[in-house]
Amino acid sequence: MQQLWYVLSKTLAEDAAWKFVKEKGIDMVTVNPAMVIGPLLQPTLNTSAAAVLNVIKGARTFPNVSFGWINVKDVANAHVQAFEIPSASGRYCLVERVAHFSEVVKILHELYPSLQLPEKCADDKPFVPTYQVSKEKAKSLGIEFGFSPSSIPQMKVYDLNFRVPQDESCFPSQMKVGMYYRLLPFSKKQEN
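For the sequence shown, the positions run 224 to 415 when our numbering is used.
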């Protein structure tokens, strides 16, 4: 059984934050992106880029998981909008598209046919099904979503020389992989 400590830590942190803001009467908005794909600003890999790099750098198999994916530019825009739009409230789950990892490998193969990519799933079980996540609440922030297969090469993971654990259990298999808060020391009723 996989131990998804990263996912658990995010879940527990958000639960604690919601309890805290409720007790203190503080307004909070959370933005929970799925696997974030697109240009990297930092010199280190994030969880999403590491998952893709793992299959590029010689993994013999791809994990039997389905992830939600979102472009980093949409995540950045959602943070700005969640902060600036007074009516923003609650949780915003950001998922543009859900894909099984086999589809990610297929996209990579189409973009980079010379790469040696895994052709086999890590187990012989049926593929984990994809799922749907409503985009309606995120669209209320004006998010238009811009994920496409072309987002993958923007990560430039093929130029990076990072060590990535070969054990896919370190990658979250649930959507709750990121969370950010807007904390204001007053309620919206006092904003007038």
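Even glycine gets a Cβ: it sits at the ideal position worked out from N, Cα and C.
None of these values were measured; they are calculated from a predicted model.
{"Query": "Minimum C-alpha distance to Cys344 - residue among Val278, Ile249 and Pro266", "Result": "Val278"}
{"Query": "Within the segment 271–308, ranges of the alpha helix (DSSP H) (whole runs, at least 4 residues)", "Result": "295–307"}
{"Query": "CB of Pro256 within 9 angstroms of CB of Leu317, strictly", "Result": "yes"}
{"Query": "Buried or exposed (CB count within 10 angstroms, at least 16 for buried), Pro388", "Result": "At Pro388 the pLDDT is 34, less than 50, meaning the model places this residue with poor confidence and gives no usable figure here."}
{"Query": "CA-to-CA distance, Leu340 to Val328, given in whole angstroms", "Result": "7 angstroms"}
{"Query": "Buried versus exposed call for Leu431 [16 or more other C-beta atoms within 10 Å across all chains shown]", "Result": "Limits of the chain in this structure are 224 at one end and 415 at the other, which puts residue 431 out of reach."}
{"Query": "Pro286 classed as buried or exposed, judged by whether at least 16 other C-beta atoms fall within 10 angstroms", "Result": "buried"}
{"Query": "Among Val230, Asp250 and Leu334, nearest to Ser270 - alpha-carbon criterion", "Result": "It should be pointed out that residue 270 corresponds to Thr in this sequence rather than to Ser. For the residues Val230, Asp250 and Leu334, the minimum Cα distance to Thr270 belongs to Val230."}
{"Query": "Same chain, Cβ closer than 8 angstroms to Ser357, five either side skipped, listed in chain order", "Result": "Cys316"}
{"Query": "Boundaries (first-last residue) of the alpha helix (DSSP H) holding Leu235", "Result": "Trp228 to Lys247"}
{"Query": "Of the residues Met251, Asn294 and Glu367, the one placed nearest Asn262, counting alpha carbons only", "Result": "Note that residue 262 is Pro in the sequence shown, not Asn. Residue Asn294 is the option with its Cα nearest to Pro262."}
{"Query": "Where Leu317 falls: helix, strand or coil (DSSP)", "Result": "strand"}
{"Query": "Residue of Lys245, Lys242, Val254 and Trp228 minimising C-alpha distance to Ala361", "Result": "Val254"}
{"Query": "Through-space distance from Ile308 to Val298, alpha-carbon basis", "Result": "15 angstroms"}
{"Query": "Three-way DSSP call (helix, strand, coil) for Lys343 in this model", "Result": "strand"}
{"Query": "Inter-residue Cα distance where the pair is Asp390 and Phe350", "Result": "Note on Asp390: pLDDT 39, under 50, position unreliable in the model; no value is reported."}
{"Query": "Between the CA atoms of Phe324 and Phe290 - distance to the nearest angstrom", "Result": "7 angstroms"}
{"Query": "Option nearest Val321 by Cα separation, candidates Glu359, Met258 and Gly281", "Result": "Met258"}
{"Query": "Sub-9 angstroms separation of Glu319 and Phe368 beta-carbons", "Result": "yes"}
{"Query": "Beta-carbon proximity list for Leu331, same chain, < 8 angstroms, skipping 5 on both sides", "Result": "Val275, Val278, Ile279, Leu338, Leu340 and Ile375"}
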